[in-house]
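Undergrad: Numbering (the numbering used here), first residue to last: 1 to 1088. Take a look at this one; I'll ask things after.
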Amino acid sequence: AGTGAGTLANQVRFSVGNGPKDIASVDLDGDGDDDLAVSVYDLDRVDLLPNAGNLLTDYVGPAGDYSQLLTNGDGSYTRRYKDGTEVHFESRGFHTSTVDRNGNITSYQYNGQDRLSSVTDPAGLVTSFSYTGGYLQQITLPDGRSTQFNHDSNGDLVSVILPDSHSRQFGYDGQHRMTRETDENGEQKVRLYDELGAIQEVTLADGTFRQFNNSLSVGWTDVGATGTITNPAPLYRADDAISIMVDGESRSTSYTSGALGNFTGVTDPAGLTTTIERDADGNPLQTTLPSGASFLGSYDANGNLLSYTDQTVGGTTSFSYEPIFNQITTITDPFSQVTNFSYDGAGNLTGITTPLNRTVTFGYDSRGLLTSMVDPLGTTTGYTYNSAGLLTELSQGSGAAARTATMTYTGAGYLATLTDPLSRLFSYDYDTMGRLLSENLPGGRTISYSYDNAGNLASLTPPGRPAHTFSYNEINLLSRYTAPAVTGGGSNQTSYNYNFAQQLTQLTRPDGIAILYDYDTAGRLSQVTTPLGNYGYSYDPGSGQLANQSDPTDGGLAYSYNGELLSQVTWSGPVSGFVGYGYDAAARVSTLDINGQSFSFSYDADSMLTGAGALSLSYDPGSGLLDGTSLGTVSDSYSFNPFAELSSYVASAGGSPVLAVSYVRDALGRIIEKTETVNGVTTVYGYGYDPAGRLWQVTVDGLLQATYTYDTNGNRLNNGASYDAQDRLLTFDGASYSYTANGELTSRNDGGQLTSYTYDVMGNLRSVTLPDGTVISYEIDAADRRIGRRVNGALTQGFLYGDQLNPVAELDGAGNVISRFIYGSQGNVPAYMIRGGQSYRLISDHLGSVRLVINTSNGAIIQQLNYDAWGNVVQDTNPGFQPFAYAGGLYDAATGLTRFGARDYDAEVGRWTAKDPILFLGGHSNLYVYADNNILNVHDISGQSPFYGNYLGPGNYGYAAIPIDAIDAAARKHDIAYDMAGANGLLGTFFNLDVAGADLILARDAALSLGNNCGIEGELWAGGAMILFGFTGLYKSNINTLVSAANLAVNSLGQAVARLATALDPASWIPDNGPTDEYEYPYNPWRL
1 AGTGAGTLAN
11 QVRFSVGNGP
21 KDIASVDLDG
31 DGDDDLAVSV
41 YDLDRVDLLP
51 NAGNLLTDYV
61 GPAGDYSQLL
71 TNGDGSYTRR
81 YKDGTEVHFE
91 SRGFHTSTVD
101 RNGNITSYQY
111 NGQDRLSSVT
121 DPAGLVTSFS
131 YTGGYLQQIT
141 LPDGRSTQFN
151 HDSNGDLVSV
161 ILPDSHSRQF
171 GYDGQHRMTR
181 ETDENGEQKV
191 RLYDELGAIQ
201 EVTLADGTFR
211 QFNNSLSVGW
221 TDVGATGTIT
231 NPAPLYRADD
241 AISIMVDGES
251 RSTSYTSGAL
261 GNFTGVTDPA
271 GLTTTIERDA
281 DGNPLQTTLP
291 SGASFLGSYD
301 ANGNLLSYTD
311 QTVGGTTSFS
321 YEPIFNQITT
331 ITDPFSQVTN
341 FSYDGAGNLT
351 GITTPLNRTV
361 TFGYDSRGLL
371 TSMVDPLGTT
381 TGYTYNSAGL
391 LTELSQGSGA
401 AARTATMTYT
411 GAGYLATLTD
421 PLSRLFSYDY
431 DTMGRLLSEN
441 LPGGRTISYS
451 YDNAGNLASL
461 TPPGRPAHTF
471 SYNEINLLSR
481 YTAPAVTGGG
491 SNQTSYNYNF
501 AQQLTQLTRP
511 DGIAILYDYD
521 TAGRLSQVTT
531 PLGNYGYSYD
541 PGSGQLANQS
551 DPTDGGLAYS
561 YNGELLSQVT
571 WSGPVSGFVG
581 YGYDAAARVS
591 TLDINGQSFS
601 FSYDADSMLT
611 GAGALSLSYD
621 PGSGLLDGTS
631 LGTVSDSYSF
641 NPFAELSSYV
651 ASAGGSPVLA
661 VSYVRDALGR
671 IIEKTETVNG
681 VTTVYGYGYD
691 PAGRLWQVTV
701 DGLLQATYTY
711 DTNGNRLNNG
721 ASYDAQDRLL
731 TFDGASYSYT
741 ANGELTSRND
751 GGQLTSYTYD
761 VMGNLRSVTL
771 PDGTVISYEI
781 DAADRRIGRR
791 VNGALTQGFL
801 YGDQLNPVAE
811 LDGAGNVISR
821 FIYGSQGNVP
831 AYMIRGGQSY
841 RLISDHLGSV
851 RLVINTSNGA
861 IIQQLNYDAW
871 GNVVQDTNPG
881 FQPFAYAGGL
891 YDAATGLTRF
901 GARDYDAEVG
911 RWTAKDPILF
921 LGGHSNLYVY
931 ADNNILNVHD
941 ISGQSPFYGN
951 YLGPGNYGYA
961 AIPIDAIDAA
971 ARKHDIAYDM
981 AGANGLLGTF
991 FNLDVAGADL
1001 ILARDAALSL
1011 GNNCGIEGEL
1021 WAGGAMILFG
1031 FTGLYKSNIN
1041 TLVSAANLAV
1051 NSLGQAVARL
1061 ATALDPASWI
1071 PDNGPTDEYE
1081 YPYNPWRL
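Following this line, the structure appears as structure tokens:
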């Protein structure tokens, strides 16, 4: 590259950014001073066209840039983006303001030296900038917090002092390139550069390294001319530049990029390549994965995605847009069903109409903030904001039944208080960096947090308990978790070790047992070594997809695929069988093959599940809520209140009601009264809650049945219960309990009657020895699912699964399928089963607890179950006829335990038998409490996360409430994380309108991939662009407050559709800055 001054006709070329830039020094505006003109090579070019006055009058945007640059009459410029955002520049090119399509202005002010002095946001809040010696010295936020910047005599930034007084230090080489970075903990990162200034190697504080062979180094070739400073020889970019990233384990990933710098190919360390064909603007036209799956996209002149085709299933989804703001107006699914979207004059979404004419409407204030949403039930949710645009009131419904929550904020804009519809107060405290220090919760409870200098969570102190502490290694990966010390508890530390690529290699439990993790040359998990034996993983050499898993007991799992879609899972070993999947053109599950017997699934125009095997489902024409189901002589019906909460349910056999339930709810949506009629016998249950939201009292027909009390961290105190500092139950009703150092229950001694428990190191309950010496043991497959039960060594029961949580077949001890299970209206419990050639309808309550099993041919009740409030089975007229009980869990009558995903629930004591395997990521300050002790309204089917809301509706996930970290995040941010990472092969993306709650969901082709499916029809919920029914209940006892998610959907549709195009583009899978910067490997060992 040259260093001399060029002219417009003979420019000096520099390699800068993703493409070469031609630099010319020329007096463009006639003021006597040279100006710097930059044009970008080839398709990525800015053409400067001087007129007679040498003033810029036209702008030709680079390929893929759909904005317009307009010259104003006063010599200023306006850049208008296709979404209506306008960026204004004064005549010298200084950015003066940004105006969104609602007219909200962010303005930029400059001092006499033309340096940015302040930024004023649309609410009038000012961030200011100050300088010393021409260098930035301080940035001061509107609330007065400031960050300081120090420079050396060369002008290099040498330190940044944060508002909490901690600092980061920087060092440079003679060319002003940052070579050293020291974080707040004093840990240092060192960088080396190639001859063009691109990062070549990074050495981290722990001594590990990463290497980069940057595309700008590899992709430039000298055409042979010598050149001089005044007439430099150009360097031309190769058509395909290759960048290579080498991790600390010497594993290489290469990236091929085209003329615009967009990736056209990615080859992983296993040598498997994904290819991307692009148009002239860089939009991906076809993406082909190593599996052979191929995805096609087409675009209009503004770069909007017009169609998306998944060639595996052959379905095409198409889109249309309005011309002013490029907002999506229609989505046409592969079956020609059209969803319509309408907007106001500012481009704000005002309505969604489904193919079956169900509607959701929205209203806004002058700032474009969502002020109202009317759902298909006609219920209005209102939103009120302060001058800063922060949500201050959320109200749903009208009149005396309205539910209202109010919020206040700190000067920095963090949530300070939340008052829920029952006037319970939540308050929050923060440090100067905005990190949460304490949650002050109803019932006099406080959860406290502290952090190390680098901002890592250092401790979490539950209410009334000692602190749990966390330590990190030199590069801020978790290295040690320390639970509170307990008397006689031995070690209380869990430690974590990593390889040079920051992958977990060893986890050492408090009992000293180590779990070892090995990886193949491609960086994929290949083996897990445990005391029980080894877990093995192998991959298809052509596609890279997981092909086989083996477990320590000689069991195996084999996977087959159709492109990226899982087509079959086969079990081998003590329990054997297979489950297969077929898909329709929208990549929804259309057939389910359970060990040779196939079941079909059908959907209506709104993509609602209408048929699941022989089960028929129907929906309310207006709201889309589930009306009822029918199978043979058995039918049921549902009614909902204006908040889309279940208000009544009736199940009938042969036309006669066999179960009728009605619910009365409080302002948080919690059940306070239940009237239930079973076989003609009516019982009225009443429920009360303490200020913390925990079940307090139960009445039956007006008589007090039970009262429950708790300590400040949610441990139930009835029946002489006592607990240690780690919240482990020590005594209950005369029985004593003991645990491993890792927190798993090992024994229960009740007056000399000893029950013993053993667990594997993955947290699975392996065996229970009863007081009479009977040994109940369990077979666990390689995916950590309970697939078999033995009694004194003899196999008596087996299971095959349709996903990670739900069994679809029960086997006898000889391996014969005795029952097949089909899921329909509820996602955690089957709708019916086939046993001995006969269909039986499973009638369940709102939690999924099985109440009746009915022969669909003659209406006979084959099994009746009843439970107390905590899920104890108090009636079972036909034990063992089917395996599901409380909340749809797998019930073992011999042990009294119910299996939910990762853990076992003991209903007698109302808690788990082991710690949450993901620790506090489950959202609890107590690692043993089940469902926040709010058990009438919440259940936990995974053993890791409580579920709030009605668990009803097609797709198995209708009417769900969304937990978010803070109410203001929902009010102000419309960007949603769609989990577009390609690591799991979850690529094919399309929109689908699920009106079970008028939910606009982002569905994914590979939703069933390796047990990650959410719902039998294979729709993977993406957490965003959802319009949800129902007041979502501000009753969760921490800052993860549940609020209406409607505002998460507004204005996100365009972003979501853009994500569809991104799904075709593996560039979106690459970590930030791709191979040109350090790839920080995010890894959470708790989730392994």
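Just so it is clear, CB atoms sit at the ideal spot from N, CA and C, and this is done for glycine as well.
So Asp-620 and Thr-629 are supposed to be a Cβ contact under 8 Å. How far apart are they, rounded?
TA: With 8 Å as the limit, Asp-620 and Thr-629 do not qualify as a contact, their Cβ atoms being about 13 Å apart.
Undergrad: Helix, strand or coil for Asp-932 per DSSP?
TA: DSSP places Asp-932 in helix when its eight states are reduced to three.
Undergrad: Let's test the definition: count the other Cβ atoms within 10 Å of the Cβ of Val-768 and tell me whether it reaches 16, buried, or not, exposed.
TA: Burial call: buried.
Undergrad: Do Ala-605 and Pro-334 have their C-beta atoms within less than 9 Å of each other?
TA: No, the pair does not count as a contact, with Cβ atoms beyond the cut-off.
Undergrad: How far does the beta strand (DSSP E) with Asn-213 in it reach, from first residue to last?
TA: 209-213 is the span of the beta strand (DSSP E), which, as asked, contains Asn-213.
Undergrad: What are the start and end residues of the beta strand (DSSP E) that includes Glu-277?
TA: 273-278 is the extent of the beta strand (DSSP E) around Glu-277.
Undergrad: Using the C-alpha atoms, what's the distance from Gly-297 back to Thr-317?
TA: Roughly 10 Å separates the two Cα atoms.
Undergrad: So, is His-176 buried or exposed, given that buried needs 16 or more other C-beta atoms within 10 angstroms?
TA: Classification of His-176: exposed, given that the 10 Å Cβ count is below 16.
Undergrad: By how many angstroms is the C-alpha of Thr-675 removed from the C-alpha of Thr-380?
TA: One C-alpha to the other measures close to 28 Å.
Undergrad: On the DSSP letters alone, give me the boundaries of the beta strand (DSSP E) that Lys-915 sits inside.
TA: Segment: none, Lys-915 is in no beta strand (DSSP E) and carries neither H nor E.
Undergrad: Taking C-beta to C-beta, are Asp-65 and Gly-368 nearer than 9 Å?
TA: Their beta carbons are not under 9 Å apart, which means Asp-65 does not touch Gly-368 by this criterion.
Undergrad: In whole angstroms, what separates the C-alpha of Gly-871 from that of Ala-907?
TA: In a straight line, the C-alpha of Gly-871 is about 5 Å away from that of Ala-907.
Undergrad: Compute the distance between the beta-carbons of Thr-127 and Thr-140, then report whether it is under 9 Å.
TA: In contact: Thr-127 and Thr-140 (Cβ atoms closer than 9 Å).
Undergrad: Excluding the 5 residues preceding and the 5 following Tyr-691 in the sequence, name in chain order all residues of the same chain whose CB lies nearer than 7 Å to its CB.
TA: For the sequence presented, residue 691 should be read as Pro rather than Tyr. For Pro-691, where only same-chain residues beyond five positions count, the Cβ hits under 7 Å are Arg-424, Pro-442, Gly-443.
Undergrad: Does the Cβ of Ala-293 have 16 or more other Cβ atoms within 10 Å, making it buried, or fewer, making it exposed?
TA: Buried is the call here.
Undergrad: Tell me which residues share the same chain as Gly-314 and place their Cβ nearer than 7 Å to its Cβ, disregarding the 5 neighbours each side in the sequence.
TA: The residues are Ala-585.
Undergrad: Quick one: residues in its chain with C-beta nearer than 6 Å to the C-beta of Val-817, no 5 flanking neighbours on either side, listed in chain order?
TA: These residues qualify, in order along the chain: Asn-595, Ala-809, Leu-811.
Undergrad: Taking buried to mean at least 16 other C-beta atoms within 10 Å of its own C-beta, is Glu-744 buried or exposed?
TA: It is buried - the Cβ of Glu-744 has at least 16 other Cβ atoms within 10 Å.
Undergrad: Ordered along the chain, which non-local residues of its own chain (more than five positions away) have a Cβ less than 7 Å from that of Leu-615?
TA: Around Leu-615: Thr-629, Leu-631, Ile-822, Gly-824, Ala-831, Tyr-832.
Undergrad: Ser-448 and Ser-438 look like a contact to me (Cβ under 8 Å); what is the Cβ gap, rounded to whole Å?
TA: Going by Cβ atoms, the distance from Ser-448 to Ser-438 rounds to 5 Å, so yes, they are a contact pair.
Undergrad: Among Gly-488, Asp-803, Thr-404, Ala-483, whose alpha-carbon lies nearest the alpha-carbon of Ser-495?
TA: Comparing Cα positions, the closest option is Ala-483.
Undergrad: Using the C-alpha atoms, what's the distance from Phe-295 back to Thr-287?
TA: Whole-angstrom Cα-Cα distance: 5 Å.
Undergrad: Which whole-angstrom value is the C-beta distance of Ala-270 and Ala-522, which I expect to be below 8 Å?
TA: Yes, they are in contact, since the Cβ atoms of Ala-270 and Ala-522 sit about 4 Å apart, within 8 Å.
Undergrad: Can you give me the Cβ contacts of Thr-926 inside the same chain, cut-off strictly under 6 Å, excluding the 5 residues immediately before and after it?
TA: In the sequence as presented, Thr is not what sits at residue 926; that position holds Asn. Once the five neighbours on either side are set aside, the close Cβ partners of Asn-926 are Asn-713, Gly-714, Asp-727.
Undergrad: Below 8 Å, can you find three or more Cβ-Cβ pairs linking the segment 406-426 to the segment 140-155?
TA: Verdict: yes, contact present.
Undergrad: Can you give me the C-alpha to C-alpha distance between Val-929 and Trp-696, rounded to a whole angstrom?
TA: Cα-Cα distance, rounded: 15 Å.
Undergrad: Do you know offhand how far Tyr-559's Cα is from Val-569's?
TA: When rounded, the distance between both Cα atoms is 5 Å.
Undergrad: I need the straight-line Cα distance from Leu-525 to Gly-303, nearest angstrom please.
TA: Straight-line Cα distance between these residues: approximately 39 Å.
Undergrad: Determine the DSSP secondary structure at Arg-465, reduced to helix, strand or coil.
TA: Looking at Arg-465 - three-state DSSP - the assignment turns out to be coil, as it is neither helix nor strand.
Undergrad: So, is Thr-1089 buried or exposed, given that buried needs 16 or more other C-beta atoms within 10 angstroms?
TA: Residue numbering for the chain in the displayed model covers 1 to 1088; residue 1089 lies beyond these limits and cannot be assessed.
Undergrad: According to DSSP, what are the bridge partners of Arg-445?
TA: Answer is Leu-441, bridged to Arg-445.
Undergrad: Does Asn-956 come out as helix, strand or coil in the three-state DSSP assignment?
TA: Low confidence applies here, because Asn-956 scores a pLDDT of 25, under 50, leaving its location unreliable and the question unanswered by this model.
Undergrad: Given a cut-off of 9 Å, decide if Leu-418 and Met-407 are closer than it, judged by their beta-carbon atoms.
TA: In contact: Met-407 and Leu-418 (Cβ atoms closer than 9 Å).
Undergrad: Of all the options Asn-154, Ser-167, Asn-792, which has the alpha carbon lying nearest to the alpha carbon of Gly-773?
TA: The option with the nearest alpha carbon to Gly-773 is Asn-792.
Undergrad: With a 10 Å radius around its C-beta and 16 neighbouring C-beta atoms as the bar for buried, classify Val-938 as buried or exposed.
TA: The residue in question, Val-938, is buried, as its Cβ has 16 or more Cβ neighbours within 10 Å.
Undergrad: Go to Asp-627, then tell me how far its beta strand (DSSP E) extends in each direction, as first and last residue.
TA: 626-631 is the extent of the beta strand (DSSP E) around Asp-627.
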